Amino acid sequence: MNKYITLVLFVVVLFTTTSSAQQSAIYTNDLVLFHQAMELYNNKQFLAAQNLFDKVKSEVKDENIQADCAYYIANCAVWLNQKGADTLMEDFVEEYPTSVKRNAAYLDVASYYFDHGKYAYARKWYDKVDTKNMSRSELEKYNFNNGYAYFKIQRFNEAKKYLNKVQDSEKYGAQAKYYLGFIAYEGDNYKEANELFDEVKDLKEYNKNLSYFQSDMNFKSGDFRGAIREGIAQLPTSKAAEKSELNKIIGESYFNLEEYEKAIPYLKAYKGRKGKWSNTDYYQLGYAFYKQKSYEEAISEFNKIVDGRNAISQNAYYHLAESYLRTDKKQQALHAFKNASEMNFEQQIKEDAAYNYAKLSYEIGNSYKTTPQVLLGYLKEYPNSEYKDEINELLISSYLTSKNYKEAMDLLERSRNFEDKKVYQKVAFYRAVELFNEGDYPMAIRYFDKSLSEQRDPVFTARAMYWKTECQYVLNDFEEALLGYKEFKSNSSASQLEEFRDIDYNLAYTYFKLKKYEQAAFYFDVFLKQGNADSVKEADSYLRMADCHFISRKYWPAMEAYNMAIKKGGADADYAHYQKAISYGFVNKNDRKIEDLLAFLNNYPNSVYKDDALYSLGNVYISEQKINKGIAAYDRIISETPKSSYVAKAMLKQGLVYYNENQGDNALSKFKKVVAKYPGTEEAVQAVNTARLIYVDMGRTDEYASWVKGLGFVNVSDEDLDNTVFEAAEKQFLENNESAAIHGFEKYLAQFPKGLHATKSHYHLAELLFKKKEKEATIPHYLYVLNQPRGEFTEQSLARLSQVYLEDRKYEEAIPVLERLENTGDYPQNIIFAQSNLMKSYYQLVNYRKTILYAEKVLSNPKIEKDVKNDAHLFIARAALQTADVSRARAAYKEVEKSATGELAAEALYYNAYFIHESGEYKASNEVIQKLAKEYSGYRLYGAKGLVLMAKNFYALKDAYQATYILESVITNFSELQDVVAEAKTTLQKIKAEESKTNSSIQTDQ
């Protein structure tokens, strides 16, 4: 039994010993691997160490070793900058909260981030560190690093808390004082900063920066000499960035000491913050140049001040304006004074700038407001100004020089205190002339009457008489016009005026319009005998004098005058030749009449009077029993002028000649052609009536009855009733009983819609409705006339209907009517009317090719008036712009500019400036815009467009201030012009974006 027990014990001991030896071997092996990992870690072979720690951690059962492995795995991840390293460390702390390495982990990670300059990350880990069991050296390092980390992220209050704890540290004290001094410096606590910097100034690693700080502190505390001394001493050894700042301190110190010449090189050497200057920087250098009388250099700096909104900017803009004035740049000075006058920081500068702005507005004009408005605005804001009398004098003169007579009149009539009636007389006169040129004759008369109500200047009194009379003449009030011209001629001041030269010509025409032909001829003769008529009026006077004699049946004097008109040439020479030929017939000189008509047809083959001449020639041949030649003349009308109103008359005449020559069948053939081609016309009715006689003579009445039944415009059985109803309506028409006439013609057309007089009734009814301004109602009646063959009412109906369509902006409907009028019109004025309105209509329909085509047709006519010619040039210019034909547009606007007034002149001037801008001549473009501002400031659209263009010019000339200020002013002052404001905003945004690259004061929307 003892042996048994001993054996059992041996077995147990053996088993125990064997098992323990195995565990010990494993544990020993893990420790070896752990120590190998530690050795790799200590040798900074972090990746290999990390892998080995990871292996040990997965195999070892000892929780302490597992915790150490987790710590080192995370620590290696930190050193290796592996993604999620901080998460590994946090996992370690969470999994092993009792590990002795927990605090070390926080400190190691914080130190790692600190050493790598990642101070915000370092701060995160320093906050986790427990400082209770730290040694003194560890605590000093912790406090310094923590304070420095706060310092680097510019949380100075927290930084001071930690740095103050190591001020007396042997290792960290000097560094702590330096950074504490810097914190005091940044907080403008210069006394504390100086004390701290003094303690470390002997240390080389810090001393190199201290001169800059001390120079800056001297500057900020008002010791400019000290700042200069310290700064100049430091300049040679300073870094590039510090050198720039030191130059700024030295330059600004000299500036504050008013030693501007010395300040300039240092201010110029400043490189700005992050490469950008501020408005204050530009102001100081600009003002230094200004004080040295270097005005161009001053302008170059001042005009970089954009978006200024403080007292410095107001001061800068005022001195910028002064610099512009010194260099004779008045337009630029105007804007700068305006800007300074609108700021409320320095009242004296504000008032003085307003005064200069008002004076310059008077001198060169103003696109924002009329000059009188600016001057009155100054007087209102500064009623007790020492310049009050001077501004009042300028105000009086400005009413005339600004040419904005409408606004001037409004201001004069609103101002109860204005006592200069002489100025009122002149301004009212000029406003009336303006209205006259715009075609508003009734309103022009009102203003001429206002001028005549204050007869202070006899010259303007006489001129107002004359031009008021011109209005009355244009309005067909010839009786009043006659009295007016006579009154003007008897005025003692009139003989010295330009208007007096043509007074007899005007009197002659007025008598002519009144059908007092003997008096008209007398005054035409008086006018011609004076010998000072221009060539156009001279030829016209001979022509009209001839017409007077002709109408008065004084044919020989008429022919003498027509001969003179032919000799003088001109646009109406063909008419004179034709009239002279006709006159021979009235003195029984048919041979001469025939001779002259043939000469006329030879000399003027394209004359509008060709059909008249051929018709007259045919008639005279027939009267001379030269039947074949007469028939041939009528045939020429039919073949050579097929659209003439004389075609139907010629065919009818041929039929009548054949009838009188007993050639019944030939006559019937012609009459039937008239009826077939021109049914319903007067000629067709006469043809039917004459054919009836022939059929009766020939005993072929059944044939006549059968023919007439097929005609829709005549009903033999109703003919008497037809005539009776029509004559009743026509009687009311001839007696000017308009309402009764309208009722009568409507009644006739209701009974006889295709009656004998349907065309004439429709025409008269349309004219009556047109006169009553019921223009829409005229359309079907004019269309009826136009749907009939050409007759005596065709041309006038074309003119009237096109006018109705044009007034209602129905351009597509107007165009075919106008084209027909152009192609078939007999009267030159109707052809001009058609062509000029085709030009306008095609422009409205965006057909620029045809716009130009018709404008050129208008210009090729020598008989057009000045305003029609201006319109033609204008539409060529506008259409050419739309088709990018710049050279043609530019040439056309130049023509408009020569004689246009009012808004057309403003438009022409603007585009002149625009084309000059496009060619790169920016200064010249601005000169034209200045003229636009001075002479046409009342036309706000082109004033605003001109300002935007001026801004672009200034920016191209490197004047950013002028460009931005003008654009901002446009946006503020012209809000009603949305397209112009939109362009101004876009341009302003681009300029600011570009300027913000070098100017830190500029705020952009981006």
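Under mature numbering (1 follows the signal peptide of the UniProt record, and there is no 0), the residues of the sequence shown are numbered -21 to -1, 1 to 985, in order. Using N, Cα and C, we set each Cβ at its ideal position, and we do this for glycine too. Remember, predicted model here, so these are calculated numbers, not experimental data.
Opening and closing residue of the alpha helix (DSSP H) in which residue i lies
i      : result
ILE831 : 827 to 838
ARG288 : ARG288 -> no alpha helix (DSSP H), and no H or E assigned at all.
ILE375 : 367 to 380
GLY899 : GLY899 -> no alpha helix (DSSP H), and no H or E assigned at all.
HIS314 : 309 to 320
LEU735 : Careful: LEU735 lies outside any alpha helix (DSSP H) and carries neither H nor E.
VAL667 : 661 to 676
ASN124 : 115 to 131
ARG523 : 514 to 530
PRO437 : 437 to 453
GLU574 : 569 to 582
GLU478 : Here GLU478 belongs to no alpha helix (DSSP H), and DSSP marks it neither H nor E.
TYR588 : Run containing TYR588: none; DSSP gives neither H nor E here.
PRO795 : 790 to 803
GLY723 : 717 to 730
Proximal residues to residue i (C-beta, below 8 Å), its chain only, five neighbours per side dropped
i      : result
VAL453 : TYR420
TYR262 : GLU280, PHE281, ILE284, ILE291, SER292, ASN294 and ALA295
LEU59  : PHE25, LEU26 and GLN29
Rounded distance between the beta-carbons of residue j and residue i, thought under 8 Å
i      : j      : result
ASN323 : LYS329 : 7 Å
ASN809 : ALA778 : 5 Å
TYR50  : SER78  : 7 Å
ASP260 : GLY251 : 7 Å
ALA441 : SER472 : 4 Å
Proximity below 9 Å, CB of residue i to CB of residue j
i           : j      : result
residue 988 : PHE316 : Coverage of the chain is limited to positions -21 through 985, which leaves residue 988 absent and any answer about it impossible.
GLY265      : GLU280 : yes
SER781      : ALA813 : yes
PHE705      : GLY659 : no
ILE291      : ASN258 : yes
ALA155      : ASN143 : yes
ALA560      : ASP575 : yes
SER562      : ASP590 : no
TRP535      : VAL505 : no
ALA552      : MET538 : no
TYR296      : ALA332 : yes
VAL783      : LYS754 : yes
ILE616      : GLY643 : no
VAL667      : LEU690 : yes
LEU853      : TYR872 : yes
Own chain residues within Cβ distance below 7 Å of residue i, not counting five before or after
i      : result
ALA885 : LEU911, TYR915, TYR918 and TYR921
GLY548 : ALA518
ASN840 : ILE811
SER878 : LYS845 and ASN849
TYR6   : Bear in mind that the predicted position of TYR6 carries a pLDDT of just 48, short of 50, making it unreliable; the figure below should be weighed with that in mind. No residues qualify anywhere along the chain.
TYR98  : ALA128, LYS131 and ILE132
ALA834 : MET818, ALA851, PHE854 and ILE855
Beta-carbon contacts of residue i that lie in its chain and below 6 Å, excluding the five residues immediately before and after
i      : result
MET68  : ALA53, ALA84 and VAL88
ALA756 : LEU748
SER114 : none
LYS976 : none
SER740 : PHE724, TYR727 and LEU728
Which listed residue (the options) has its alpha carbon closest to that of residue i
i      : options                           : result
ASP368 : PHE135, LEU785 and LEU354         : LEU354
TYR75  : ILE44, ARG679, TYR98 and TRP104   : ILE44
THR703 : LYS726, SER90, TRP256 and GLU798  : LYS726
GLN968 : ALA942, ALA859 and GLU792         : ALA942
GLY152 : PHE135, ARG134, SER116 and GLN642 : SER116
THR448 : GLU478, ARG204 and GLU360         : GLU478
TYR657 : LEU631, VAL675, ASN641 and TYR674 : LEU631
ILE530 : GLU497, PHE506 and ASN542         : GLU497
GLN451 : ASP481, CYS55, GLY418 and SER474  : GLY418
LEU476 : ASP456, ALA443 and PHE503         : ALA443
PHE13  : LYS36, GLN24, LEU26 and LEU304    : LYS36
LEU928 : TYR893, ALA961 and SER948         : TYR893
LYS34  : TYR790, LEU580 and CYS48          : CYS48
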